[in-house]
Structures are given as C-alpha cells and as structure tokens.
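Chemist:
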Amino acid sequence: MSEKTTISTRAAIKPVLFTMLIALNLYAQEQQQQATPDSASTDSTIVTPQAPPEPPPKLGDVSDGSRSVPVHLIRLYDEQGIPIRPHDELLMPFSTKQTCGPCHNYEKIRTGWHFNADDSSVAVGRPSQPWILADPVAATQIPISLRKWPGAYRPEQVGMSTLQYVQKFGRHLPGGGIAEDENAQSAEDYMRWQVAGNLEINCLGCHDAEAGQDQAEFATQIGRQNFRWAATASSGFAAVRGSAKEMPDNFDVYLNSALDYVGNISPPTVSYTASRFNEKGEVLFDIRRRMPNTKCYYCHSNRNVENERFTEDEDVHMAAGMLCVDCHRNSLNHMMTRGYEGEPQTQNKPALASLTCKGCHIPDESAQTPRAGRLAAPLPEHRGIPPIHFEQLTCTACHSGPWPNDQTARVQTSLAHALGTHQSKKAKASLPHLVAPVFVKESDGKFAPHKMLWPAFWAYMKGNEVVPILPERVRPMLTDFYVSDTLKQIGGWATLTDSAMIAMLDTLASMDSTASAAVYIGGGKLYRLDKNKKLVHEEHKAAQAYSWPIAHDVRPAQQSLGVRGCNDCHATDAPFYFGKVEAASAVSRSNMSMNAFQNTAAIFPWSFSMSFLFRPWLKAIIIVASVVLTATLLLYGLQGLLRVTKVLSEEKSS
C-alpha cells in the first residue's frame, strides 16, 4: 500500500474514531450520573463521609537523617504510566506526576503555596505581586490573581477562561493547581484541553540543577499550547517541535502523526537524546533539595529600567553566600515560608516567627531557646534611634528595595514583563508600568516600601461594580481613535485625546444595553460620559493603585535609611514623605506625593521636618540655658551657704 493510500485511509478513519470517542465519553458520564445517589432520595439513612486515610509515606518523602541527596537514576513514564524508550515509534512527553510519583506524594506536594492559588481554604496572607494583563494598544494593565487579594481581579471577572489564563501566564507558572484541575476547565474549552493536555507540576523547574534545564523553552511551549509537552521540552535531554495551538479540536496525540499535515503546520512531536538512557532505560537527573538561587530568579527577578546591570548589587544575604531556600523553607507539602512579620499568625504556625527579619536578627527574651543569630545573622545595634521607629516601621522600610529619590523609579519584574523568556519586554517604556519604592502605611500601622501599579482598562458599570473588558474586544476599535505617531516607544502608553475618549466610550456603551455606562480606569481616576456626553472623571475604588511590599534586595546597614542622620527621612524634601509617585496612563501624566499613601496630610510631616531645621539652634539655646541655669543655681547656692554660715557664726558669738 502506498504512502498516499495510507494517508487517505487515516483521513477517512479519523472522523469515525473521533465520533466513537465522544460517544464513549458521553456514555461514561451518563453511567456516572446514574450511579450517583439522588440527593432527594427517600432513604433516611445518613452516611457521614469519612476522610480518606493518610497514605503511607513514599520512599522519597521520608529521611533517614542523612543530608546527602539520593541519586536520581530513574525511568521516564508518560501520562498513561507507560515507560518511555527513546527508540519507540510513538514518543510521548514524560509526565512528572507519573515519573516522580512512585517515590514522592504528588498530591500532597500540589497543596504547596506555588500551586494552591485557587484553593479557597488556604489563607491568602499578605498581598503580593499579581499577574498583570497588559496591552499597550488597548491601553490596559489589569492586576489578576486567583487569590482574593484586594484590588486584584480573578480571571473570570475579566472574561478570561482557565485555558486563556494558563496560556497567558503559564510562562512563569510552576504547573499544577488550576492548570491541571479538570473542574476548573470550562465546557467550551474541553476539546482544546484534550489537545493541549494538562500542565502538571514542573518538578524539574526548581529541582533540576542540570545546565541544560531551560525554563525559557518551557515558556515557548506554553505559548504554543503544548502544555503536556512543556516540562519535557525544558529538560536538557529532549526536544519538542510542533504546536498544539495549530491543531484542530479533533486532534488525537495517539492517532495523528506528522504525515497527516503538510506545510508549516505540524503536531507536537518529541525526540529524546538516546545517549541519556542507560541499558535499563533509566535517565540520570541532577536533583537538588536546596535549589540554587538562579532557579528562584527565573520568576523573582527585578530590574530598575534606568540602571545598568553592573551598577546593581546583589541582596546582602546572597552576597554572604546564603540561598533563597535558607529562609524560604518548606516541608513535603511545599507550603513555602514567605517570611513577613504577620505570617506566623496568618498560617497559625508560631515556629515561622524565627524565619522573619526580627526572628533572625532580634533576640526574643521570652523564647525557651535562643532564636536570633540563625545562619550567623548579626545583632543590629540601632544606636541612637528612638524606639518609636521600631513601632511604626518595618525592617524593610530602611533596609530593602531601591534607595528612594525625588521621583519613583520605573521597575520591571519577571512575572510582569516576562523577563528570562524569549518574549521578554525589556524596552523602558514597556507596559505594565510599575514604580518603586512607594512607602505605604499597611494595615498594621507600619510603613513599608512597596511596588505600585495603577490599573488601566476599559469597563462597563453594572450597578456599582466595574466589570473590565478584555483587551481583545477593544483593540480593533481603538486604532481609529489614537493620535498618530503615539506608539513610537515600543510597548508604551498610547495617547488618547478627550474627543477620542468620548467617541470610544460612546461606542462601547452602544454595544452593551445591560450596562449603565461604559468607563475607562486610568491614572487613579474613573472616566465616564455625563448626560450631555461630556467627559468627566471622578474617584473610584477600582481606580486605586495596587501595591505589594518589597522584601528584597536587602541593603547592608551602611546603606540603610538613617545612616546619614535624621534628614534621610525627616528633611522638608525627603523622598520618604515628599517623593513624587508616577501615575501615568493613556489619558493623563500626573504625580502624587508620597504622603498620600500614608494616610496623613502633607502639613504634618512637613511641620515635623521643619523642626529639624531649628534643632541645632535649639540645642545651642538649651546648652546656653543650662549653663545660665546652672550658674544661677550655683550663685544662689553659694549665697545661701554664706547666709547660713553667717547666721551660725552670729549665734555662736552670742
């Protein structure tokens, strides 16, 4: 039989097989529903569900006390649990769940902090950096989070499906969680998920110390919807070609082959480096328990867009030879310690207190055993600093983040700007625009340095709720309203005139009759049309800045705020209180004063700062007054002594 006949036969059989698979799936669902007891049954017997017993620990989940790392010479298994041999005719990507699962409790690991964002039973803790849906043409930057952090939107609130969420942000997702939760997958995307596959936890992304482990390639595969292939492609011994995104909904990884496609379209295929397999079909992995810092940096890097790389210093802890995981620890459940002051109370784990800044550096007199000095942490002396500073400032306020200047700096991060990937947004003007440091008064009353994002997006008003519109919906319309030549700076803000804003809002309003109005959020304001279709702006909660605390990089004591005296913070123009915070958008370029985020009017810190101008005079006056007072007291004391002496002598002579 010729190759052409073979291809024709496959093309004729595929629709039949596809129909059979769908029918079998529907039949299985029907049988499952029939087997499920009816909640309205008349059976009066109440059965209390019992929690499943804790499975016994697996080989890799218990320690015999040795701090050495076991040799990981293991077999690879695909998602069906079938061993992978490099010379098989049909090569599948290996599954981390099936490959690592025999020795490690995968289900317990997937409850960790990096995977449990969609678990409502987990305490969300202190707000942190969100994902940011940014689009320069649509003049949009929206904070997105699966955790219920104030000011951030869940994907479904902005119209994103789970598939869209994973494809957009999966470049820096560790896998697991919502990315492999079938209950979170919408019915509309069911067939696409079957093609793309689940994005399992990428264990190698953190634990593989091999030089060839490439997370940038992982990000590339996510963009191609090659979810089940991403971990394999990023390993140092396999290559993945083709794109699941280009495949039709009826694509089947076990039935289709490259022969079924022509031109530049090809299905995902895997090839392994055969020399990496021994005669038993095993592969040697360089697995580390204490991961190197570079693994953390892929997701947690920051850069000041105005600074050259060689001018920036490493965190003082890293410079001393520490690893990120020395402080950010976890047990088998991978519940990573975040290290902020309120975490022991939030997680109800008092032991976490010793892994905060204070826990390492400040002795706790009430502790039964000494906690301070962990990993040779020095005891800070803080000579001459009034105690009130430690009541109203976090440790990071003086020691962390970039040194404050008159104007906040523009910063970029891995999560926001895809740093470390082949699609990174390195241009200075690239959205999203993040600024730092902004000294914000937190809920516990302490000041802390933050990174800040000003939300910007088109939306509908549904009652009092602001419902964002996905950039894809507004992008085609906006091109008609932009001022010409405004996108010269790659990825930066476009410029919208008032007339363009009015036309755009009017167009959006006509497209949704269920909304009370179309609005634009930007630069800290909500823009809308009044009854006369004139553009007005007002304050609104949705327009408020989203900020999250800065923990790193930690500066040494010699570079901390206050090292040059009180004027570092208390001068009449000190950035701590009076620095300018950029609040740019497509419709405005404005600055706000730092004190606006500290719940205080500018007059109060300014008045207090003014007192520092006269403190030298005040000290001189106090010294002179003290000398005069002492001399006066001494003079009158001597006169009194002479008087007493005179009286006594007169009494004696009489």
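Numbering (the working numbering), first residue to last: 118 to 771.
Beta carbons: idealized from backbone N, C-alpha and C, even for Gly.
This structure is a prediction, so every number in the text was calculated from the model and none was measured.
Would you tell me roughly how many angstroms separate the C-alpha atoms of Val636 and Gly353, rounded to the nearest one?
Modeler: The residue labelled residue 636 in the question sits at position 519 within the sequence shown. The residue labelled residue 353 in the question sits at position 236 within the sequence shown. Going from the Cα of Val636 to the Cα of Gly353 covers about 49 Å.
Chemist: DSSP state of Gln388, grouped into three classes?
Modeler: The count along the sequence shown starts at 1 and reaches residue 388 at position 271. Note that residue 388 is Ser in the sequence shown, not Gln. Three-state DSSP puts Ser388 in a strand.
Chemist: For Trp520, count neighbouring C-beta atoms within 10 Å of its own C-beta (all shown protein chains included) and say buried if the count is 16 or more, exposed if not.
Modeler: One-based indexing of the sequence shown puts residue 520 at position 403. So Trp520 counts as exposed.
Chemist: Kindly indicate the opening and closing residues of the beta strand (DSSP E) around Trp310.
Modeler: Taking the sequence shown and counting its residues from 1, the one referred to as residue 310 is at position 193. Run containing Trp310: none in the beta strand (DSSP E); it sits in the alpha helix (DSSP H), Tyr307 to Ala313.
Chemist: If you follow the alpha helix (DSSP H) that Gly322 is in, where does it begin and where does it stop?
Modeler: The sequence position of residue 322 within the sequence shown is 205, counting from 1. Cys320 to His324 is the extent of the alpha helix (DSSP H) around Gly322.
Chemist: When you compare only the Cα positions, how much space is there between Cys512 and Ile667?
Modeler: Within the sequence shown, the letter at position 395 stands for residue 512. Within the sequence shown, the letter at position 550 stands for residue 667. Whole-angstrom Cα-Cα distance: 11 Å.
Chemist: Between the alpha carbons of Ser245 and Asn419, how many angstroms are there, rounded?
Modeler: On the sequence shown, position 128 is the one that residue 245 refers to. On the sequence shown, position 302 is the one that residue 419 refers to. Roughly 14 Å separates the two Cα atoms.
Chemist: Taking 8 Å as the cut-off, is the C-beta of Ser471 nearer than that to any heavy atom in the ligand NAP?
Modeler: Absence of the ligand NAP from the depicted structure is noted, as is the absence of any ligand whatsoever, leaving it without description.
Chemist: Find out if the Cβ-Cβ distance for the pair Tyr694, Ser726 is shorter than 9 Å.
Modeler: In the sequence shown, counting from the first residue as 1, residue 694 sits at position 577. In the sequence shown, counting from the first residue as 1, residue 726 sits at position 609. The answer is yes: Cβ separation under 9 Å.
Chemist: Along the beta strand (DSSP E) that carries Tyr637, what are the first and last residues, could you check?
Modeler: What you label residue 637 is simply residue 520 of the sequence shown in a count that begins at 1. Looking at the DSSP string, the run of the beta strand (DSSP E) that includes Tyr637 is Ala634 to Gly639.
Chemist: Which class does Met364 belong to by DSSP, given the choice of helix, strand or coil?
Modeler: Along the sequence shown, one-based indexing puts residue 364 at 247. Here Met364 sits in coil by DSSP.
Chemist: Residue ranges of each beta strand (DSSP E) run of no fewer than 3 residues wholly in the segment 705-735, ordered along the chain?
Modeler: The qualifying runs are 706-710.
Chemist: What's the C-alpha gap between Glu299 and Tyr194?
Modeler: Residue 299 sits at position 182 when you count from the first residue of the sequence shown. Residue 194 sits at position 77 when you count from the first residue of the sequence shown. Their backbone Cα atoms lie some 21 Å apart in a straight line.
Chemist: Determine contact between the segment 319-334 and the segment 290-304, defined as no fewer than three beta-carbon pairs at a distance below 8 Å.
Modeler: Touching, yes, given that three or more Cβ pairs across the two stretches are closer than 8 Å.
Chemist: If we call anything under 9 Å between Cβ atoms a contact, is Glu363 one with Ile382?
Modeler: Residue numbering aside, residue 363 sits at position 246 when the sequence shown is read from its first letter. Residue numbering aside, residue 382 sits at position 265 when the sequence shown is read from its first letter. The answer is yes: Cβ separation under 9 Å.
Chemist: Thinking C-alpha only, which one of His516, Glu582, Gly562 and Val283 is nearest Ile505?
Modeler: Here the question's residue 505 lines up with position 388 in the sequence shown. Of His516, Glu582, Gly562 and Val283, the residue nearest in Cα terms is Gly562.
Chemist: Considering only the alpha carbon of each residue, which of Cys683, Ala240, Lys175 and His657 lies closest to Ile58?
Modeler: In the structure displayed, the chain extends from 118 to 771; residue 58 sits before or after that span and is not available.
Chemist: Note down, in chain order, each residue of its chain lying with its Cβ closer than 6 Å to the Cβ of Gly242, except the 5 sequence neighbours on either side.
Modeler: Here residue 242 refers to the residue found at position 125 of the sequence shown. Excluding sequence neighbours, Gly242 sits near Thr463.
Chemist: Please state the DSSP three-state secondary structure of Lys697.
Modeler: Your numbering for residue 697 matches position 580 in the sequence shown. Strand, per DSSP.
Chemist: Which of the three DSSP states, helix, strand or coil, is assigned to Lys763?
Modeler: As a first step, residue 763 is located in the sequence shown; it is residue number 646 there, counting from the start. Reduced to three states, the DSSP call for Lys763 is helix.
Chemist: So His478 is in the alpha helix (DSSP H); what residue range does that whole segment cover?
Modeler: Position 361 of the sequence shown, counted from the start, is the residue given in the question as residue 478. Taken as a continuous stretch (DSSP letters only), the alpha helix (DSSP H) holding His478 covers Cys474 to His478.
Chemist: If you measure between the beta carbons of Ser237 and Lys265, is that distance less than 9 Å?
Modeler: Within the sequence shown, residue 237 is the residue found at index 120, counting from 1. Within the sequence shown, residue 265 is the residue found at index 148, counting from 1. Against a cut-off of 9 Å, the Cβ pair of Lys265 and Ser237 comes out as a contact.
Chemist: Over the uninterrupted alpha helix (DSSP H) stretch that includes Met435, give me the two end residues.
Modeler: Residue numbering aside, residue 435 sits at position 318 when the sequence shown is read from its first letter. That run of the alpha helix (DSSP H) goes Val433 to Ala436.
Chemist: Can you name, in chain order, every residue of its own chain whose Cβ lies under 7 Å from the Cβ of Lys225, other than the five neighbours on each side?
Modeler: On the sequence shown, residue 225 is found 108 positions in, with the first residue counted as 1. Correct list, in chain order: Leu449 and Asn450.
Chemist: If you drop the 5 nearest sequence neighbours on each side, which residues of the same chain put their C-beta closer than 6 Å to that of Pro384?
Modeler: In the sequence shown, residue 384 corresponds to position 267, counting from 1. Contacts found: Gly359, Met364 and Asn373.
Chemist: Taking 7 Å as the limit between beta carbons, can you name the residues of its chain near Ser531, skipping five residues before and five after?
Modeler: Residue 531 sits at position 414 when you count from the first residue of the sequence shown. Result list for Ser531: His289, Tyr415, Cys416, His417, Ser418 and Gly537, in chain order.
Chemist: Which residues mark the beginning and the end of the alpha helix (DSSP H) in which His567 is found?
Modeler: Mapped onto the sequence shown, residue 567 falls at position 450. Note, His567: premise wrong, no alpha helix (DSSP H); beta strand (DSSP E) at Phe564 to Leu570.
Chemist: Taking DSSP as the reference, what is the three-state secondary structure of Gln332?
Modeler: For the purposes of this step, residue 332 is taken as the residue at position 215 of the sequence shown. Three-state result, Gln332: helix.
Chemist: Tell me whether Gln215 is buried or exposed, calling it buried when 16 or more other Cβ atoms sit within 10 Å of its Cβ.
Modeler: To locate residue 215, count along the sequence shown from 1; it is residue 98. Classification for Gln215: buried.
Chemist: Shortest alpha-carbon distance to Ser541 belongs to which of Glu334, Gln197 and Asp235?
Modeler: On the sequence shown, residue 541 is found 424 positions in, with the first residue counted as 1. Taking only the C-alpha atoms, the option nearest Ser541 is Glu334.
Chemist: Quick one: what's got a C-beta closer than 6 Å to Pro673's C-beta in the same chain, skipping five residues either side?
Modeler: The residue labelled residue 673 in the question sits at position 556 within the sequence shown. Around Pro673: Val433.
Chemist: In whole angstroms, give me the CA-to-CA distance for Gln311 and Glu589.
Modeler: Within the sequence shown, numbered from 1, the residue matching residue 311 stands at position 194. Within the sequence shown, numbered from 1, the residue matching residue 589 stands at position 472. If I take the Cα positions, the gap works out to 24 Å.
Chemist: Kindly give me the distance between the Cβ atoms of Ala256 and Ala611, rounded to whole angstroms, as I take these residues to be in contact under 8 Å.
Modeler: What you label residue 256 is simply residue 139 of the sequence shown in a count that begins at 1. What you label residue 611 is simply residue 494 of the sequence shown in a count that begins at 1. Indeed, because the Cβ distance is near 6 Å, the residues count as touching under 8 Å.
Chemist: Could you say which of Thr473, Ala701 and Thr525 lies nearest to Phe574 if we only look at CA atoms?
Modeler: Residue mapping note: residue 574 aligns to position 457 of the sequence shown, counting from 1. That would be Ala701, whose Cα lies nearest to the Cα of Phe574.
Chemist: What residue does the alpha helix (DSSP H) around Gln281 start on, and which one ends it?
Modeler: Taking the first residue of the sequence shown as position 1, residue 281 is located at position 164. It spans Thr279 to Phe286 - the alpha helix (DSSP H) in which Gln281 sits, taken as one unbroken run.
Chemist: Based on Cα-Cα distance, which residue from Leu595, Ala437, Ile318 and Leu207 lies nearest to His231?
Modeler: Here residue 231 corresponds to residue number 114 of the sequence shown, with the count starting at 1. With distances taken between Cα atoms, His231 lies closest to Ile318.
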